[in-house]
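> Got a structure for you, written out below as C-alpha cells; questions coming shortly.
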Amino acid sequence: MSGSLSDVRVLDLADRSAALTGRILADLGADVIMVEPEDGNSIRRLAPFVAPDASAAHQYFSANKRSVVLNPSDPLFDNLAASANVVIDNGQLDHDWLIGLNPELVHCSVTPFGLDAEWRDWKATDLIACAAGGLVWLCGEPKGTPVQGGSDVSAAMAGLIAASGISVALQGAGAGVHLDVSLQEAVLMAVMQTATPSQWVWHNRIPRRPGLSQALRCADGGYVGHLVRPDRFDGFLNWAERVGIDHGMTSDDWHWAMLSAPRKDNPVSATTLALAGALTRDEFVAGALAADIVCLPVLGFDDLERTEQYVVNEQFLKVENELLGHAVAFVRSPIDGMRESIEIRRAPALGEHQALLDELGEFAPSQSHGSAPLDPARALEGLRVVDLTWVLAGPLGTRTLASFGAEVIRIESSTRPDSMRSQIGPDGTPDPDMGGLHNSVNVGKQSLSVNLGTDDGLALVKELIATADIVVNNFRPGALDRMGLGYDVLCELKPDIVLLNLPGAHRRGPWADRPSMGNILMAASGFN
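Counting from 2, one number per residue, gives the positions in the sequence shown under this note's numbering.
This is how it looks when you write it as C-alpha cells:
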C-alpha cells in the first residue's frame, strides 16, 4: 500500500489488546505481517462472528494485514525479524534477543500493567484494566454501583498510544527502543477530564460520577445528549419560549448553566426536562442546534447506518471477502480521508502469505528512520507547532508532541479565554494559570496571548506560522478561513506547512458546523 509508512515492515504478534496498533500502521501504508501460531491469533476466536469461524473483530482489526504461521523459535523468524522495522507483542518476546537479531528494531509491548510494574505478572480483561484505570468508578449513577462504561476501551486507548509511540520512534527516537504500553495507564489518559488528580491532591475529593446528567429522554422515547453553556444562554431561553415553556428566567440567570449536574432547584435542568417532555428526539436536536446549543442524539447501533451525518460522510462501507462469499460491513478507518482515501483489504486467512518467508532477502528495512537511540523527550526536537486548540481534545494531542520535544506555542486570547482556565486552583478559587486540568493537558508548552480579531494580532500569528512546521486547530470547519488563516494562506506563508484540523463532527454533514464535545459525540457514535 502507498502511504507515509510504505517503507516500513511491522511484525504483529499481539492479541486484541494491541490489534488497533497494527491496523493503524497498516492503514498508513506499513507492511504489517501477523505472525501467528498454528491455531491462529486469539482475535480470530472472538465473538461475535459475521460467518462461521469469521470473527468480526478479526475482520476489522486485521484488515490490510498479511498472515504467516511461524513460531518465534523457528530460525525463519530470525530472518523475518532481520527484515522488519517494528515488532509489536504482548511482552512475550525478550527485547535483548530481538535487538540481537536486528539492532534497528523498534519493539513495542502492550501489557495489562506494564513490564516493570508491581503488577507486571497479573493478567487482565478489559473490565479489570478499566477498573484499575479509574474508568469503571466513573461510570454509572452517582448513588449506584460502578459499571463498565463500554467495550474494549483499554484496547482502543492502548492501541492509539502504541501507534503514536511507534510513529515517533520511527521518525526520530532512534532504533533499538523498547516501548512499554500499559492498558491501565492508557485508561488513565481516558479519564483525565473527569478524574483529574488535582481534585484529590488539592481538595481531598473523589471525583463525582456524572451519571446521566447530560442525557434526556424525549417524548418519543429517544434520548439526546446536551449541554447548555453560559455563552449560549439567551438562545436557550428563546428556544424554550418558542416551544411554549415557562422557564421563569432572564439573561442574568446564566450562572445556572455553570452547574455540571442537574439539581431540583436548577431552573435550567427543569427547562431542559420540560423541552424533552414536549419534543421528540429529532425535534429536540433540531431546536438545540438552531440555538447553537451543544446537542446530538444518543444513537443505538440500529440508528447509525441511516443517520444522515454518517451517510453523507460514507462512514460505513462494505469490503468484499471472497473467502466468506459475501461483503463485510466496515466502519471507515479513523485516519481515512485525512489526506487521501485508504484502500481496505480484507483480513487475511491464517497463513495466507506463507510464501513471503521464501522472499525475505528481497525486502530491506529502511534506514531513514533513525539509527541511534535518543532520549524520547528529544525525539521531536526542532519541530515547531503553532497550537490554536482549546479545551481538551486538541491540547491533549499537542501535549503529546511537546512531551516528545516539539516546541509547542499556544495561541490564546484574554478576550475569549480557554474554558479550562476557569477551573479552581489549589486554594479553591478560580485561577487562569493554576487549574489542574489546564496544566495536565498543556504541560511543556509556551503561551502567546494574541487577539486574532485585530490586524496586528493576525499579522503576528502569520509571522509565527512562517517559522513553524505544524498548525493544529479544533475549530469548526471554515473557522480558520474566516480568521484569514485558511490552508491556502498558510501555504503561502510556509509552503511545506502541515495543517491538522480536529473538528468535532467531520468537515461535512448536518453536524459539521455545530458545537460539540467529547461525551456527546461518543453518545452520537453509539458508544454509550
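The beta carbon of each residue, even a glycine, is placed where N, CA and C say it ideally should be. Since the model is a prediction, treat every value here as computed from it, not as a measurement.
(1) Do you know how far the Cα of GLY134 is from the Cα of MET421?
(2) Looking at CYS140: is its Cβ nearer than 8 Å to the Cβ of GLY226?
(3) So, does the region 428-441 touch the region 462-473, judging by three or more C-beta pairs under 8 Å?
(4) So the beta strand (DSSP E) ASN502 belongs to, where does it begin and stop?
(5) Assuming contact is defined by CB atoms lying nearer than 8 Å, are VAL530 and VAL462 in contact in what I supplied?
(6) Would you tell me roughly how many angstroms separate the C-alpha atoms of GLN310 and VAL51, rounded to the nearest one?
(7) Expressed to the nearest angstrom, what Euclidean distance is found between the alpha-carbon atoms of LEU397 and VAL442?
(8) Let's test the definition: count the other Cβ atoms within 10 Å of the Cβ of GLY101 and tell me whether it reaches 16, buried, or not, exposed.
(9) Suppose you measure from the CA of ASN474 to the CA of ASN502; what does that come to, to the nearest Å?
(10) Taking the beta carbon of PRO73 as the centre, do at least 16 other beta carbons fall within 10 Å, making it buried, or is it exposed?
(11) For ASP388, which of GLY437, LEU438 and THR401 has the nearest alpha-carbon?
(12) Using three-state DSSP, classify ASN322 as helix, strand or coil.
(13) For GLU363, which three-state DSSP category applies?
(14) Pop quiz: ALA350 and SER68 are said to be a contact at Cβ under 8 Å. What is the actual Cβ separation, rounded to whole angstroms?
(15) Bridge partners of HIS108, per DSSP?
(16) Could you please give me the residues that DSSP links to LEU228 through a beta bridge?
(17) Go to LEU128, then tell me how far its alpha helix (DSSP H) extends in each direction, as first and last residue.
(18) For the region 190-208 and the region 250-260, state whether three or more C-beta atom pairs, one from each stretch, are separated by less than 8 Å.
(19) Skipping 5 residues on each side, what residues in its chain have a beta carbon closer than 8 Å to that of GLU315?
(20) Around the Cβ of LYS66, are there at least 16 other Cβ atoms within 10 angstroms (buried) or fewer (exposed)?
(21) Between GLY23 and ASP13, how many whole angstroms is the CB-CB distance? I'm expecting something under 8 Å.
(22) Identify every residue that forms a DSSP beta bridge with ASP32.
(23) Give me the Cβ distance between GLU186 and GLY115, rounded to the nearest whole Å; I'm assuming they're in contact under 8 Å.
(24) Which of helix, strand or coil does DSSP assign to ARG347?
(25) Could you check what DSSP says for GLN424 in three-state terms: helix, strand or coil?
(26) If I follow the unbroken alpha helix (DSSP H) through ASN239, where does it start and stop?
(27) Use the C-beta contact count for GLU119: other C-beta atoms within 10 angstroms, 16 or more gives buried, fewer gives exposed.
(28) Taking the alpha carbon of LEU26 as the point to measure from, which residue in ILE89, VAL148 and LEU71 has its own alpha carbon closest?
(29) In terms of DSSP beta bridges, what is VAL386 paired with?
(30) For the 8 Å Cβ check, are there 3 or more pairs between the region 52-63 and the region 77-89?
(31) Along the chain, where does the beta strand (DSSP E) containing LYS66 start, and where does it finish?
(32) Per DSSP, what kind of secondary structure is GLY371 in: helix, strand or coil?
(33) In terms of residues, what are the limits of the alpha helix (DSSP H) holding PHE62?
(34) Based on the DSSP output, what are the partners of PHE331 in its beta bridges?
(35) Rounded to the nearest angstrom, what separates GLN149 and TRP138 at their Cα positions?
(36) Cβ of GLY223 within 8 Å of Cβ of ALA292?
Per the coordinate set shown:
(1) Sequence index remark: in the sequence shown, residue 421 carries index 420 (1-based). Sequence index remark: in the sequence shown, residue 134 carries index 133 (1-based). Approximately 23 Å between the Cα atoms of the pair.
(2) Along the sequence shown, read from residue 1 onward, the residue named residue 140 stands at position 139. Along the sequence shown, read from residue 1 onward, the residue named residue 226 stands at position 225. Result no, Cβ atoms of CYS140 and GLY226 do not sit closer than 8 Å.
(3) no
(4) Taking the sequence shown and counting its residues from 1, the one referred to as residue 502 is at position 501. Counting along the chain, the beta strand (DSSP E) containing ASN502 begins and ends at 499-502.
(5) What the structure shows of the chain is the stretch from 2 to 529, and residue 530 is not part of that stretch, so it cannot be assessed.
(6) Looking up residue 310 in the sequence shown gives position 309. Looking up residue 51 in the sequence shown gives position 50. Spanning the two alpha carbons is a distance of roughly 26 Å.
(7) In the sequence shown, counting from the first residue as 1, residue 397 sits at position 396. In the sequence shown, counting from the first residue as 1, residue 442 sits at position 441. If I take the Cα positions, the gap works out to 5 Å.
(8) For the purposes of this step, residue 101 is taken as residue 100 along the sequence shown, with counting starting at 1. That one is exposed.
(9) The count along the sequence shown starts at 1 and reaches residue 474 at position 473. The count along the sequence shown starts at 1 and reaches residue 502 at position 501. Going by the C-alpha atoms only, they are around 5 Å apart.
(10) Stepping through the sequence shown from its first residue, residue 73 is reached at position 72. Label assigned to PRO73: buried.
(11) To locate residue 388, count along the sequence shown from 1; it is residue 387. Ranking the options by Cα distance to ASP388, first place goes to THR401.
(12) As a position in the sequence shown, residue 322 is number 321, starting the count at 1. Note: ASN322 maps to coil in three-state DSSP.
(13) Here residue 363 refers to the residue found at position 362 of the sequence shown. In this prediction, GLU363 has a pLDDT of 48, which is less than 50 and means its spatial position is unreliable; what the coordinates show is noted afterwards. Of the three classes helix, strand and coil, the one that applies to GLU363 here is helix, per DSSP.
(14) As a first step, residue 350 must be located in the sequence shown, where it is residue number 349. As a first step, residue 68 must be located in the sequence shown, where it is residue number 67. About 7 Å separates the two Cβ atoms, so the contact holds.
(15) As a first step, residue 108 is located in the sequence shown; it is residue number 107 there, counting from the start. DSSP, once it has assigned bridges, lists VAL88 and HIS179 as partnering HIS108.
(16) Numbered from its first residue, the sequence shown carries residue 228 at position 227. Beta-bridge pairing links LEU228 to VAL295.
(17) Working through the sequence shown from its first residue, we reach residue 128 at position 127. Here the alpha helix (DSSP H) through LEU128 covers 127-133.
(18) no
(19) The residue labelled residue 315 in the question sits at position 314 within the sequence shown. Answer for GLU315: ARG333, listed in chain order.
(20) Position 65 of the sequence shown, counting from 1, holds the residue named residue 66. That one is buried.
(21) Looking up residue 23 in the sequence shown gives position 22. Looking up residue 13 in the sequence shown gives position 12. Indeed, because the Cβ distance is near 4 Å, the residues count as touching under 8 Å.
(22) Position 31 of the sequence shown, counting from 1, holds the residue named residue 32. DSSP lists ARG10 as partners of ASP32.
(23) Residue numbering aside, residue 186 sits at position 185 when the sequence shown is read from its first letter. Residue numbering aside, residue 115 sits at position 114 when the sequence shown is read from its first letter. Confirmed, about 7 Å.
(24) The sequence position of residue 347 within the sequence shown is 346, counting from 1. Coil, per DSSP.
(25) Sequence index remark: in the sequence shown, residue 424 carries index 423 (1-based). Correct three-state label for GLN424: coil.
(26) Within the sequence shown, residue 239 is the residue found at index 238, counting from 1. 234-244 is the extent of the alpha helix (DSSP H) around ASN239.
(27) Counting from 1 along the sequence shown, the entry for residue 119 is found at position 118. By the 10 Å Cβ count, GLU119 comes out exposed.
(28) In the sequence shown, counting from the first residue as 1, residue 26 sits at position 25. When each option's Cα is compared against that of LEU26, the closest is ILE89.
(29) For this step, residue 386 is matched to residue 385 along the sequence shown. Per DSSP, VAL409 and ILE471.
(30) no
(31) Here the question's residue 66 lines up with position 65 in the sequence shown. Taken as a continuous stretch (DSSP letters only), the beta strand (DSSP E) holding LYS66 covers 66-70.
(32) The residue given as residue 371 occupies position 370 in the sequence shown. With a pLDDT of 46 at GLY371, under the threshold of 50, the predicted position of this residue should be treated as unreliable, though the coordinate-derived value follows. The answer is coil: DSSP assigns GLY371 none of H, G, I, E or B.
(33) The residue given as residue 62 occupies position 61 in the sequence shown. Where PHE62 is concerned, the enclosing alpha helix (DSSP H) stretches over 57-62.
(34) Residue 331 sits at position 330 when you count from the first residue of the sequence shown. According to DSSP, which records beta bridges pairwise, PHE331 is partnered with LEU318.
(35) By one-based count along the sequence shown, residue 149 stands at place 148. By one-based count along the sequence shown, residue 138 stands at place 137. So the alpha carbons of these two residues sit roughly 9 Å apart.
(36) Counted from its first residue, the sequence shown places residue 223 at position 222. Counted from its first residue, the sequence shown places residue 292 at position 291. In this structure, ALA292 does not lie closer than 8 Å to GLY223 by Cβ.
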